[in-house]
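Residue numbers (the numbering used here): -1 to 218.
What follows is the structure in structure tokens.
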């Protein structure tokens, strides 16, 4: 894979020209690594100065308690990043398990190299820092939305909260979600069979229709 051109098309390098990127690529310490399905990239409690950008495959961000219960927080797909906040904080331990959802290739960037402007300081390195800040802020918003979706007490309310958000994001009442049924249940912190039952009831009540991970919402 042409990692250089992949980076140029990523959110991290938004607003940075090819010429500008070339001038600072030598000071950005990066490397790539391939993981097999279900292989752990970061464990809860790990410390890291590096964050990852998915090149191929996908990554699950999971939260597990001491009793072995697992909750899916997010899925990271090609072009998206993970662990930026932990890499920038450096002294803060990773509070999620980062697991390869399939055979996955990751490009890792050292946050210290990004946050320390090269000498002489350049305007485009400042843009890189701003882009990293925006990426981190957007990720925090995603996790905030998960809290909103999981706050309601009933499964129906959680499903409606999440699907309503997806409808707005897609600008349509018909859309696909990035989860299979088990992953959807994990994301909402509910039992899979209970979720499937509730979806069938919601379909019966005329609230929605679905086939696998594709949904259509009906107004009432």
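Here a beta-carbon is modelled for each residue, glycine too, at the ideal position from N, C-alpha and C.
Model, not experiment: these values are computed from the prediction.
First through last residue of the alpha helix (DSSP H) which encompasses residue 180:
179 to 186
Applying the 10 Å Cβ sphere with the 16-neighbour rule, what's the burial state of residue 60?
buried
Residue 211, DSSP secondary structure in three states:
coil
Anyone know if the C-beta pair for residue 163 and residue 70 falls short of 7 angstroms?
no
CB of residue 67 within 7 angstroms of CB of residue 99, strictly:
no
State the DSSP-derived secondary structure class of residue 94, mapped to helix, strand or coil.
coil
Output yes or no for whether 7 angstroms exceeds the beta carbon distance between residue 85 and residue 49.
yes
Within 10 Å of its beta-carbon, does residue 94 have 16 or more other beta-carbons around it, so buried, or fewer, so exposed?
buried
Out of 22, 32, 82, point me to the one whose CA is closest to residue 46's CA.
82
Residues of its chain near residue 126, where Cβ-Cβ distance is below 8 angstroms and the 5 sequence neighbours each way are ignored:
10, 11, 14, 22, 112
Please report the straight-line C-alpha distance between residue 106 and residue 207, rounded to a whole angstrom.
40 angstroms
Just to check my reading of the structure: residue 186 and residue 156 have Cβ atoms closer than 8 angstroms, yes? What is that Cβ distance to the nearest angstrom?
5 angstroms
Looking only at its chain, what residues have a beta carbon closer than 6 angstroms to the beta carbon of residue 32, apart from the 5 residues adjacent to it on each side?
103
Out of curiosity, what's the CA-to-CA distance linking residue 128 and residue 37?
32 angstroms
Indicate the three-state DSSP secondary structure (helix, strand or coil) for residue 78 in the structure shown.
coil
Could you tell me which uninterrupted beta strand (DSSP E) segments, each at least 3 residues in length, are contained entirely in the stretch 138 to 206, listed from first to last along the chain?
172 to 174
For the beta strand (DSSP E) that residue 103 lies in, which residues bound it at each end?
102 to 108
Touch check for the stretch 172 to 181 and the stretch 136 to 144: three-plus C-beta pairs under 8 angstroms?
no
Can you name the start and end residues of the alpha helix (DSSP H) that residue 6 belongs to?
1 to 6
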